[in-house]
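Novice: When the letters of the sequence shown are read in order and numbered with my numbering, they come out as residues 11 to 403.
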Amino acid sequence: MTKQEFIGEVRQCLTRNILPYWIENMVDPRGGFHGRRDGDDQLHADAPKGAILNARILWTFSAAYRVLGDKAYLEMATRAKREVIDRFYDHKYGGVFWSIAPDGTPLDTKKQFYALGFAIYGLSEYARATGDAEALDYAVRLFRDIEAHSRDRVHGGYTEALDRFWNPLEDMRLSAKDANVAKTMNTHLHIIEPYTNLLRVWRDADLFEATEALQRLFIDRIVASGERGHLGLFFLDDWTRTDDIVSYGHDIEASWLLLETAQVLGDESLLAETLAVTRRIAHAAFEGRLPDGSMVYEAHGDRHLDSDRHWWVQAENIIGEAYLFLYHNEQGMLDRAMESWTYTRDNIIDHERGEWYWSRKDTEINRTDDKAGFWKCPYHNSRMCLELIEKLG
11 MTKQEFIGEV RQCLTRNILP YWIENMVDPR GGFHGRRDGD DQLHADAPKG
61 AILNARILWT FSAAYRVLGD KAYLEMATRA KREVIDRFYD HKYGGVFWSI
111 APDGTPLDTK KQFYALGFAI YGLSEYARAT GDAEALDYAV RLFRDIEAHS
161 RDRVHGGYTE ALDRFWNPLE DMRLSAKDAN VAKTMNTHLH IIEPYTNLLR
211 VWRDADLFEA TEALQRLFID RIVASGERGH LGLFFLDDWT RTDDIVSYGH
261 DIEASWLLLE TAQVLGDESL LAETLAVTRR IAHAAFEGRL PDGSMVYEAH
311 GDRHLDSDRH WWVQAENIIG EAYLFLYHNE QGMLDRAMES WTYTRDNIID
361 HERGEWYWSR KDTEINRTDD KAGFWKCPYH NSRMCLELIE KLG
């Protein structure tokens, strides 16, 4: 496969497989987007609607419009913007609701800062794509909310969640599979990600300071807490690590997101340091990469290996390999990225109905988990396509 053929296949996947699926199957005539289609592609019109899904739809179609210029993508992005601002944003207390009912009324009103981060990510990308002042205003509001209510000025970093009124919660977990701790790598990764994107459209001193502090935290705490370059996942307030899990997908995702942050910040010394750190993270992640180009999910110390090939892990692995080729001068990584793409194309993508399956274990497709839903969004796979189109094309 040539580089041109690679980019051509990726572009076709984005424009003929992923984005049409969401346009044709997930638009809710009652407003916004449906909350769920299951692994057999059956619509659940009564499912709750999640902030993560809607913020990621907003980011996806905003970015697709910015890169490809198709007005159909702008229409979807604008629909998602209205959903986030009109129904998910808490106009009384600030922040965004975790979920709403199908009719748009608030359902779970907690303030999960991971969700606020994704709302910033989507709104800032809409502003980047269109110059829209309203989207930028709400992105800045949410940045201020995170800084005011979540940031730990003593130990550094950000707490996981509060209730609607910004009071402490007993259960701060992002999902049932997570540890109930004050701080997690995952939330911090998805706060530095939107802060970086917001910097592209709002060059604010407070935002610069917060983003630089997050970058130092990753280098000095989160990466340093792991072994061989892996990231730590779960932490107490004082950054004492509480787990022994290796998440290969988050490792490889962080390896390029942190480099992107350093590039946007523009500090040459920090960029040089980040290049060294992110190369180490990426090569640590490859402990989970198999000879066929796929990447397994995670390891739990020496006790258990989850060998499922999750859709999002494959997408992030392809970007991570492309970044090693582009920015670390590792020439063989382009071939590896194409090998990983070939595995994904042949094993993860639903070529009949559109979109990607949740995961595959060896030869078995996972139809138990959603095709579209609270966590199954068009963001990881669309972002992979857009990154490759922009950076390699």
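For glycine and all other residues, C-beta sits at the position ideal for the given N, C-alpha and C.
1) Kindly indicate which three-state DSSP category G60 falls into: helix, strand or coil?
2) From W249 to Y307, what distance separates their C-alpha atoms?
3) Rank A125, R377, E362 by C-alpha distance to the C-alpha of W368 and give the top, closest one.
4) Would you list the one or two residues that DSSP bridges to Y83?
5) In this structure, how does DSSP classify S134 when only helix, strand and coil are distinguished?
6) Under 7 Å, do H390 and A325 count as touching if we go by C-beta distance?
7) Decide if D373 is buried, meaning its Cβ has at least 16 other Cβ atoms within 10 Å, or exposed.
8) In this structure, what does DSSP give as the bridge partners for I255?
9) Which of the three DSSP states, helix, strand or coil, is assigned to P204?
10) Please report the distance separating the alpha-carbon of S304 from that of Y103.
11) Less than 7 Å between the beta carbons of F384 and G41, yes or no?
12) Output needed for P58: all residues of its chain with C-beta closer than 6 Å, excluding positions within five of it in sequence on either side, in chain order.
13) Quick one: complete beta strand (DSSP E) runs, 3+ long, within the stretch 103-174?
14) What's the C-alpha gap between A158 and F123?
15) Per the contact definition of three or more C-beta pairs closer than 8 Å, is the stretch 49-56 in contact with the stretch 350-359?
16) Can you give me the Cβ contacts of G132 inside the same chain, cut-off strictly under 6 Å, excluding the 5 residues immediately before and after it?
17) Hey, quick one: how far does the alpha helix (DSSP H) through R21 stretch, first residue to last?
18) Short of 8 Å in beta carbon distance, which residues of its chain neighbour L227, apart from the five on each side in sequence? Order them along the chain.
19) Which residues in the same chain have their Cβ closer than 8 Å to the Cβ of I62, if we skip the five residues on either side of it in sequence?
20) Which two residues bound the contiguous alpha helix (DSSP H) that contains K187?
21) For M36, which three-state DSSP category applies?
22) Indicate the three-state DSSP secondary structure (helix, strand or coil) for P301 in the structure shown.
23) Kindly indicate the opening and closing residues of the beta strand (DSSP E) around S279.
24) For D316, which residues does DSSP report across the bridge?
25) Are the Cβ atoms of R251 and S235 separated by less than 7 Å?
26) For E362, which three-state DSSP category applies?
27) In three-state terms, what does DSSP make of R370?
28) Where does the unbroken alpha helix (DSSP H) through V323 begin, and where does it stop?
29) Report the three-state DSSP secondary structure of R47 (helix, strand or coil).
30) Using a Cβ-Cβ cut-off of 6 Å (strictly less than) and excluding sequence neighbours within five positions of G330, which residues of its own chain qualify?
31) Assuming contact is defined by CB atoms lying nearer than 7 Å, are L396 and V77 in contact in what I supplied?
32) On a CA-only basis, which of V150, A215, L217, N190 is nearest T169? Give me that one, please.
33) Quick check on D214: buried or exposed, where buried means 16 or more other Cβ atoms within 10 Å of its Cβ?
34) Quickly, what does DSSP pair K193 with across the bridge? List them, please.
35) Taking C395 as part of the alpha helix (DSSP H), name the residues at either end of that continuous run.
36) With distances taken Cα to Cα, identify the nearest neighbour of R163 among A272, L152, L224.
Specialist: Inspection of the coordinates gives the following:
1) As a position in the sequence shown, residue 60 is number 50, starting the count at 1. If DSSP states are grouped into helix, strand and coil, G60 belongs with the strands.
2) Translated into the one-based positions of the sequence shown, residue 249 becomes position 239. Translated into the one-based positions of the sequence shown, residue 307 becomes position 297. Rounded to whole angstroms, W249 to Y307 spans 24 Å at the Cα level.
3) What you label residue 368 is simply residue 358 of the sequence shown in a count that begins at 1. For the residues A125, R377, E362, the minimum Cα distance to W368 belongs to R377.
4) Looking up residue 83 in the sequence shown gives position 73. Answer by DSSP bridge pairing: none, since Y83 is not bridged.
5) By one-based count along the sequence shown, residue 134 stands at place 124. Residue state, collapsed to three classes: helix.
6) Taking the first residue of the sequence shown as 1, we reach residue 390 at position 380. Taking the first residue of the sequence shown as 1, we reach residue 325 at position 315. Yes, these two residues count as a Cβ contact at 7 Å.
7) Stepping through the sequence shown from its first residue, residue 373 is reached at position 363. Just to set this straight, residue 373 is Thr in the shown sequence, not Asp. Answer is exposed; the Cβ neighbour count stays below 16.
8) Translated into positions along the sequence shown, residue 255 becomes position 245. Answer is H310.
9) Indexing the sequence shown from 1 puts residue 204 at position 194. Three-state DSSP puts P204 in a helix.
10) As a working note, residue 304 is residue 294 in the sequence shown. As a working note, residue 103 is residue 93 in the sequence shown. Their Cα atoms are separated by approximately 44 Å.
11) Numbered from its first residue, the sequence shown carries residue 384 at position 374. Numbered from its first residue, the sequence shown carries residue 41 at position 31. Not closer than 7 Å, so no.
12) As a working mapping, residue 58 is identified with position 48 in the sequence shown. Contacts found: G45, S109, L117.
13) 116-118
14) Within the sequence shown, residue 158 is the residue found at index 148, counting from 1. Within the sequence shown, residue 123 is the residue found at index 113, counting from 1. C-alpha separation (whole angstroms): 12 Å.
15) no
16) Reading the sequence shown from its first residue, position 122 is the one you call residue 132. Closer than 6 Å at the Cβ level, and outside the excluded window around G132, lie A65, L68, W69.
17) Here residue 21 refers to the residue found at position 11 when the sequence shown is read from its first residue. Unbroken alpha helix (DSSP H) run through R21: 13-23.
18) As a working mapping, residue 227 is identified with position 217 in the sequence shown. So the list reads G166, G167, H198, once near-sequence residues are dropped.
19) Translated into the one-based positions of the sequence shown, residue 62 becomes position 52. Excluding positions up to five away in sequence, the list reads Y124, A125, F128, F384, W385, C387.
20) Taking the sequence shown and counting its residues from 1, one reaches residue 187 at position 177. No alpha helix (DSSP H) holds K187; DSSP gives it neither H nor E.
21) In the sequence shown, the residue the question calls residue 36 occupies position 26. M36 falls in the coil class under three-state DSSP.
22) Residue 301 sits at position 291 when you count from the first residue of the sequence shown. In the structure shown, P301 sits in coil (DSSP, three-state: anything other than H, G, I, E or B).
23) The residue labelled residue 279 in the question sits at position 269 within the sequence shown. No beta strand (DSSP E) holds S279; the alpha helix (DSSP H) holding it covers 278-295.
24) As a working note, residue 316 is residue 306 in the sequence shown. Note: D316 sits in a beta bridge opposite E308.
25) Translated into the one-based positions of the sequence shown, residue 251 becomes position 241. Translated into the one-based positions of the sequence shown, residue 235 becomes position 225. It is a contact, given that the beta carbons lie within the stated cut-off.
26) In the sequence shown, residue 362 corresponds to position 352, counting from 1. Of the three classes helix, strand and coil, the one that applies to E362 here is coil, per DSSP.
27) Here residue 370 refers to the residue found at position 360 when the sequence shown is read from its first residue. R370 falls in the strand class under three-state DSSP.
28) Position 313 of the sequence shown, counting from 1, holds the residue named residue 323. Unbroken alpha helix (DSSP H) run through V323: 321-337.
29) Taking the sequence shown and counting its residues from 1, one reaches residue 47 at position 37. Correct three-state label for R47: strand.
30) Counting from one through the sequence shown, the residue named residue 330 turns up at place 320. Excluding sequence neighbours, G330 sits near I262, S265, W266, A292.
31) Taking the first residue of the sequence shown as position 1, residue 396 is located at position 386. Taking the first residue of the sequence shown as position 1, residue 77 is located at position 67. In this structure, V77 lies closer than 7 Å to L396 by Cβ.
32) Stepping through the sequence shown from its first residue, residue 169 is reached at position 159. Comparing Cα-Cα distances from T169 to each of V150, A215, L217, N190, the minimum goes to N190.
33) Sequence index remark: in the sequence shown, residue 214 carries index 204 (1-based). When all chains shown are included, D214 counts as exposed.
34) Walking along the sequence shown from the start, residue 193 turns up at place 183. DSSP, once it has assigned bridges, lists F245 as partnering K193.
35) If you number the sequence shown from 1, residue 395 lands on position 385. Residues 389-401.
36) For this step, residue 163 is matched to residue 153 along the sequence shown. Nearest of A272, L152, L224 to R163, Cα basis: L224.
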